[in-house]
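First up is the structure itself, then whatever we jot down about it.
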Amino acid sequence: ALLDDPHMVLDGFVGPGHVSMVIGTHPYDFISEDYGKPIVVAGFEPLDLLQSVLMVLEQIRDGRAVVENQYARVVPEHGNPVSIAACEDVYEARPTFEWRGLGEIDASGLRIRPKYSAFDAEEKFGIGYATERTVVEEPEGCACGQVMTGRIKPVQCPQFGKGCTPEMPLGALMVSSEGACAAYYQYGGARAAPEVAE
Numbered sequence: 090a091l092l093d094d095p096h097m098v099l100d101g102f103v104g105p106g107h108v109s110m111v112i113g114t115h116p117y118d119f120i121s122e123d124y125g126k127p128i129v130v131a132g133f134e135p136l137d138l139l140q141s142v143l144m145v146l147e148q149i150r151d152g153r154a155v156v157e158n159q160y161a162r163v164v165p166e167h168g169n170p171v172s173i174a175a176c177e178d179v180y181e182a183r184p185t186f187e188w189r190g191l192g193e194i195d196a197s198g199l200r201i202r203p204k205y206s207a208f209d210a211e212e213k214f215g216i217g218y219a220t221e222r223t224v225v226e227e228p229e230g231c232a233c234g235q236v237m238t239g240r241i242k243p244v245q246c247p248q249f250g251k252g253c254t255p256e257m258p259l260g261a262l263m264v265s266s267e268g269a270c271a272a273y274y275q276y277g278g279a280r281a282a283p284e285v286a287e
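No gaps in the numbering here: position 178 of the sequence shown is 267 in my numbering, and each next residue is one more.
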């Protein structure tokens, strides 16, 4: 869904190492094969990230689009079969799921299978998708969706470093240290925000 968006301006992807430890690298094949975008599964250390960005840039420079595994010391190509089997036993794909800043995306989220419904907090407490749906609007001025799709840089969000900081986040990308806005804020973007705003 996102890769079909004509306004998407991302040239490549750095893939999540923690998720890939479980699922392996093959679930990303469609990104390179169907959309012609390079993707590199990355570790979390500073040198891992730098090398992963370099690997993406080298693919772009060379006109290649493949899945590469920078984090091979931890991520096996086919993932962890025991974990995959457990996830497939417990979870199933949702017909649709709403992602903050991106809206509804078909078959993009998981839910607990009926046989494990005793452990389903949505059912037990009548929350989330178990209740009548209400659209969760982004906070006013929050531009997480535009940042995630590459339309703007974090510092171009009107709330960045002002109404939205790691201490008081408005959007999903500032909540986690892995989010683009939080990383930008932590590693120098906050200092650049006033310059970009002018």
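A virtual CB, placed ideally from N, CA and C, is assigned to each residue, including glycine.
Under 8 Å, with one C-beta from each stretch per pair, do the segment 95 to 110 and the segment 128 to 136 reach the 3-pair mark? yes
What separation, rounded to the nearest whole angstrom, lies between the Cα atoms of S265 and K242? Position 176 of the sequence shown, counted from the first residue, corresponds to residue 265. Position 153 of the sequence shown, counted from the first residue, corresponds to residue 242. Cα-Cα distance, rounded: 17 Å.
Please classify V156 as buried or exposed, where buried requires at least 16 neighbouring CB atoms within 10 angstroms. Translated into the one-based positions of the sequence shown, residue 156 becomes position 67. Label assigned to V156: buried.
Please return the same chain residues whose Cβ sits closer than 7 Å to the Cβ of S141, not counting the five positions on each side in sequence. Indexing the sequence shown from 1 puts residue 141 at position 52. Excluding residues within five positions, the ones whose Cβ falls inside 7 Å are V103, V129, A131 and Q159.
Alpha-carbon to alpha-carbon, H167 and E211: To locate residue 211, count along the sequence shown from 1; it is residue 122. To locate residue 167, count along the sequence shown from 1; it is residue 78. Roughly 31 Å between the two C-alpha positions.
Where L143 and I149 are concerned, what is the direct C-alpha to C-alpha distance, given to the nearest angstrom? In the sequence shown, counting from the first residue as 1, residue 143 sits at position 54. In the sequence shown, counting from the first residue as 1, residue 149 sits at position 60. One C-alpha to the other measures close to 10 Å.
Just how far apart, CA to CA, sit S172 and H107? Counting from 1 along the sequence shown, the entry for residue 172 is found at position 83. Counting from 1 along the sequence shown, the entry for residue 107 is found at position 18. Going from the Cα of S172 to the Cα of H107 covers about 13 Å.
Would G152 and G260 qualify as a contact pair, given that the criterion is a beta-carbon distance under 9 Å? Mapped onto the sequence shown, residue 152 falls at position 63. Mapped onto the sequence shown, residue 260 falls at position 171. Their beta carbons are not under 9 Å apart, which means G152 does not touch G260 by this criterion.
Just grab the DSSP bridge partners of C253 for me. What you label residue 253 is simply residue 164 of the sequence shown in a count that begins at 1. According to DSSP, C253 bridges with F249.
Start and end residues, beta strand (DSSP E) containing R324: The question about residue 324 has no answer, for the chain in this structure spans 90 to 287.
Indicate whether F186 and G198 have their beta-carbon atoms separated by less than 9 Å. Taking the sequence shown and counting its residues from 1, the one referred to as residue 186 is at position 97. Taking the sequence shown and counting its residues from 1, the one referred to as residue 198 is at position 109. Closer than 9 Å, so yes.
Using the beta-carbon count (16 or more within 10 Å), is M257 buried or exposed? Walking along the sequence shown from the start, residue 257 turns up at place 168. Answer is exposed; the Cβ neighbour count stays below 16.
Pull up the CB-CB distance for R162 and E181, whole angstroms please, since I reckon it's below 8 Å. Counted from its first residue, the sequence shown places residue 162 at position 73. Counted from its first residue, the sequence shown places residue 181 at position 92. Not really, about 32 Å apart at Cβ, beyond 8 Å.
How is P170 classed by DSSP in three states: helix, strand or coil? Along the sequence shown, one-based indexing puts residue 170 at 81. Reduced to three states, the DSSP call for P170 is helix.
8 Å contact criterion, which G268 and M97 should meet: CB distance rounded: Your numbering for residue 268 matches position 179 in the sequence shown. Your numbering for residue 97 matches position 8 in the sequence shown. About 18 Å separates the two Cβ atoms, so there is no contact after all.
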